[in-house]
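Just so we're aligned, residue 3 is where the sequence shown starts under the numbering used here, counting upward by one. In what follows, a single structure is set out as structure tokens and then discussed.
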Amino acid sequence: MNRTAMLYLAHTQPGFEVIAAEELAERLDGATVTTTRRISDKNGAVFFRFAGDPGELLQLRTIEDVFSVVATWEDLEPGFVALRQLADRAGRSTGFEAAIRQARQVMPGRGGSGRQRFRVISRQVGRAPYRRSDAQHAVERAIAGRQDHRWQLVDEGGLEFWLTMWPEAAEAVLAVRLSDAHTRHRGVIHEHLPASLRPSAAAALVWLTQPRTDDTFLDPMCGTATVLIERALAGRYQRLIGGDIDEQALAAARRNVGTRYQPLDLHEWDARQLPLDAGSINCCAVNLPFGTQIGSTDENRQLYPAVAREVARVMRPGGRWVALSGDPAALAPLLRDERMFTVRASHSVMLLGHRARVVVWQRR
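Written as structure tokens, this is what we have:
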């Protein structure tokens with residue numbers, strides 16, 4: 003029996019939505035991406051249709067959250083009239099039952115039995131004469147008044163309906179959350195330090211290396227090993243190699259890795275002088291220091307090119323190097339210099355309010 007392709011919404015960190023769209027289009031059989039967009043500086047968003055098991059969505063590595071879309075509206079009136087429209091349409095929408103089924107399929111019993119517990123989270127992109135809390139309360143009242151369930155508004159727990167509005171574009175989306183905190187934090191990293199990446203960002207770097215089963219994968223500035231662990235979870239490989247100059251970071255990396263993800267080697271080293279043979283690596287991903295929490299922008303002027311030279315030395319021709327940087331001045335010379343690497347892709351992203359760039363290079 004053919005299943006109907008449901009409309010879903012995936013959240014990413016801002017700028018990572020294009021990378022996540024690539025992952026879900028490749029990993030989810032039959033998935034079709036309809037659009038990607040930024041939700042201001044809060045999230046990236048991927049809208050897509052998929053007819054398969056919604057549980058598969060929680061296996062995506064580059065996303066932060068995933069939702070089943072209840073309704074989309076693209077003709078809201080300007081001003082306070084929009085609040086009445088939101089309430090009326092939320093009260094009459096026919097998309098609730100299918101979305102709730104998706105949520106309960108992923109997590110049985112979500113929302114409780116008997117009374118259907120719920121809450122509404124409202125977000126607003128752009129200016130409007132009303133507050134986002136006004137829209138939230140309007141939709142809460144509308145859902146509570148529906149006759150399809152015995153609805154009960156709660157502060158915590160229950161179904162989470164996320165309302166995202168673009169008042170200046172007359173648009174809004176109402177969706178029920180399928181994921182939970184585990185999707186965002188994964189549960190595989192136990193120790194964090196300043197400047198540590200969230201798993202979804204690390205997974206995006208790994209995805210851009212185009213993982214293969216014969217990978218000898220390097221993170222020369224591995225911190226707490228988030229990138230290395232994400233590469234281990236991405237599929238089979240030959241060997242993982244990481245190191246850091248910071249003893250505290252390396253100790254945390256060893257605790258995070260434990261006895262899992264073998265073969266994986268961790269070293270205390272200086273990324274400018276790697277104790278590795280020339281041409282011994284075929285892919286690399288690294289979170290370069292932004293020069294704020296770690297190091298300084300002055301230090302980065304010398305550090306970045308030195309690390310690039312070492313990565314070029316140990317990497318085989320055709321290998322991929324993916325780097326994340328929040329220091330555009332230090333990154334610019336690397337982008338201009340094509341003697342060792344060719345730029346294959348570049349993505350503007352935001353991490354915890356900091357503008358950054360993900361660059362994909364290929365070794366010449």
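By construction, the Cβ of each residue, glycine as well, lies at the ideal position given by its N, Cα and C atoms.
C-beta contact flag for residue i and residue j at 8 Å
{"i": "R241", "j": "T218", "result": "yes"}
{"i": "W1", "j": "V351", "result": "With the chain represented from 3 up to 366, any question about residue 1 goes unanswered, as that position is not in the structure."}
{"i": "T64", "j": "W209", "result": "yes"}
{"i": "L176", "j": "A140", "result": "no"}
{"i": "S327", "j": "A358", "result": "yes"}
{"i": "Y10", "j": "V72", "result": "no"}
{"i": "R274", "j": "V309", "result": "yes"}
{"i": "I41", "j": "T185", "result": "no"}
{"i": "V178", "j": "A101", "result": "yes"}
{"i": "E312", "j": "L337", "result": "no"}
{"i": "L30", "j": "A12", "result": "no"}
{"i": "R39", "j": "A7", "result": "no"}
{"i": "G245", "j": "L230", "result": "no"}
{"i": "R117", "j": "Q154", "result": "yes"}
{"i": "L235", "j": "L59", "result": "no"}
{"i": "V324", "j": "L199", "result": "no"}
{"i": "P169", "j": "A92", "result": "no"}
{"i": "I243", "j": "W271", "result": "no"}
{"i": "V20", "j": "H349", "result": "yes"}
{"i": "A227", "j": "V259", "result": "yes"}
{"i": "L78", "j": "A174", "result": "yes"}
{"i": "R94", "j": "A105", "result": "no"}
{"i": "Y239", "j": "T211", "result": "no"}
{"i": "M223", "j": "L278", "result": "no"}
Nearest-angstrom beta carbon gap, residue j and residue i [assumed within contact, 8 Å]
{"i": "P201", "j": "I296", "result": "Incorrect: roughly 19 Å between the Cβ atoms, too far for contact."}
{"i": "P307", "j": "R365", "result": "16 Å between Cβ atoms; not a contact."}
{"i": "E193", "j": "R262", "result": "In fact, because the Cβ distance is near 14 Å, the residues do not count as touching under 8 Å."}
{"i": "C285", "j": "R322", "result": "5 Å"}
{"i": "G225", "j": "A255", "result": "7 Å"}
{"i": "A183", "j": "E76", "result": "That pair is no contact at about 31 Å."}
{"i": "G46", "j": "P16", "result": "5 Å"}
{"i": "D150", "j": "E99", "result": "7 Å"}
{"i": "R125", "j": "R134", "result": "6 Å"}
{"i": "T299", "j": "D339", "result": "In fact, because the Cβ distance is near 19 Å, the residues do not count as touching under 8 Å."}
Heavy atom of the ligand HEM within 7 Å of residue i beta-carbon
{"i": "S42", "result": "Absence of the ligand HEM is noted for the structure shown, with no ligands found whatsoever."}
Proximity winner among the options, relative to residue i (alpha-carbon distances)
{"i": "A205", "options": "P222, A33, F18, I102", "result": "F18"}
{"i": "A331", "options": "R303, E142, V324, Y263", "result": "R303"}
{"i": "G32", "options": "V20, P56, I21", "result": "P56"}
{"i": "P213", "options": "A144, I283, R148", "result": "I283"}
{"i": "R129", "options": "G81, M109, R94", "result": "G81"}
{"i": "Y132", "options": "T211, R86, A227, G97", "result": "R86"}
{"i": "P97", "options": "L78, T74, M109, G113", "result": "Looking at the sequence provided, one finds Gly at residue 97 rather than Pro. Selected option, being the one with the closest Cα: T74."}
{"i": "F292", "options": "A146, L354, L278", "result": "L354"}
{"i": "R62", "options": "T211, M317, A23, G114", "result": "Inspection of the sequence shows that residue 62 is occupied by Leu rather than by Arg. Of the listed residues, the one whose Cα sits closest to L62 is A23."}
{"i": "G237", "options": "P265, P222, Q250", "result": "P265"}
{"i": "V108", "options": "P335, S70, D43", "result": "S70"}
{"i": "K44", "options": "P335, E301, V127", "result": "V127"}
{"i": "R148", "options": "G114, E28, D90, W164", "result": "D90"}
{"i": "S115", "options": "A146, R152, D221", "result": "R152"}
Any C-beta of chain D under 8 Å from that of residue i
{"i": "G111", "result": "No chain D appears in this structure, which consists of one protein chain only."}
Pick out the complete beta strand (DSSP E) segments inside the segment 16 to 63, 3 residues or longer, and give them in chain order. 34 to 41, 45 to 52
Stretch-stretch touch, CB-based, cutoff 8 Å, three pairs: the segment 121 to 139 with the segment 156 to 175: Yes, since at least three Cβ pairs between the segment 121 to 139 and the segment 156 to 175 fall closer than 8 Å, the two stretches touch.
Enumerated in chain order, which unbroken segments of the beta strand (DSSP E) with a length of 3 residues or greater are wholly contained in the segment 160 to 217? Counting only runs of 3 or more, we get 161 to 168, 173 to 179.
Which parts of the segment 270 to 336 are runs of the beta strand (DSSP E), unbroken and 3 residues or longer, counting only runs that do not cross its ends? Scanning the segment 270 to 336 from its first residue to its last, the whole beta strand (DSSP E) runs of 3-plus residues come out as 283 to 289, 317 to 327.
To test your reading of the DSSP string, which unbroken alpha helix (DSSP H) runs of 4 or more residues are found completely within the segment 130 to 158? 134 to 146
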